[in-house]
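Accompanying notes for the structure given below.
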Amino acid sequence: GIVMKRSWAGEVRNVSLLVASAVNAEGFREILGICEGAKEDKSGWSSFLRHLVDRGLKGVQLVVSDACRGVVESVADYLPEARYQRCMVHFYRNVFSHVPSIRVREVSHMLKAIHAQESRAAADEKARTVIADLRASRMAKAADLVEQAVHETLA
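Just so you know, the working numbering puts 335 at position 95 of the sequence shown, and the rest follows in order with no gaps.
Below you can see the structure in the form of structure tokens.
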């Protein structure tokens, strides 16, 4: 979802644009649809996904988005065969919001080190180390977010 300003009859208001893009079989991105909604809630996302499915959307294997509850719940309802994954950019931004600005680069390297591991076991081990390092550096809220993400991935 993207929030933009819209001018209509001399009045400017915020409007949410719900956007779905995909990667086709050849590896190219395509826009599947764009829909204007009042806000990014479950009813808005449900209506949008229902519209896409009614137009013939099928074969969706993976949905990647921010942690918007409306998206997650709607995907489960309208694309039950698809797996859901949280966008790493949004996750990093959430973690960085609990990190002093002078430490963001350091924490960024720590998070990237988790994702650079070659196996699930190595990534879990690295995540535990990062969580411990964040707690030792008095960044408990950032550590909590990383820990929560590890638990969600295991569920």
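Just so it is clear, CB atoms sit at the ideal spot from N, CA and C, and this is done for glycine as well.
- [ ] Going by CA-CA distance only, name the one from A380, S341 and L319 that's closest to L297.
- [x] L319
Task: Beta-bridge partners of Q325, as assigned by DSSP - done: V304
- [ ] Please report how far the alpha carbon of L258 lies from the alpha carbon of L292, in whole angstroms.
- [x] 12 Å
- [ ] Give me whichever residues DSSP pairs with E276 in a beta bridge.
- [x] L257
- [ ] Would you mind working out which of F331, V303, W248 and A307 sits nearest E321, comparing C-alpha positions?
- [x] V303
Open item on the list: On the DSSP letters alone, give me the boundaries of the beta strand (DSSP E) that I371 sits inside.
Closed with: Element bounds for I371: not the beta strand (DSSP E) but the alpha helix (DSSP H), R360 to A376.
- [ ] For V339, I'd like the list of residues in its chain whose CB is within less than 6 Å of its CB, leaving aside the five on either flank, ordered along the chain.
- [x] So the qualifying residues of the chain are V347, M379 and A382.
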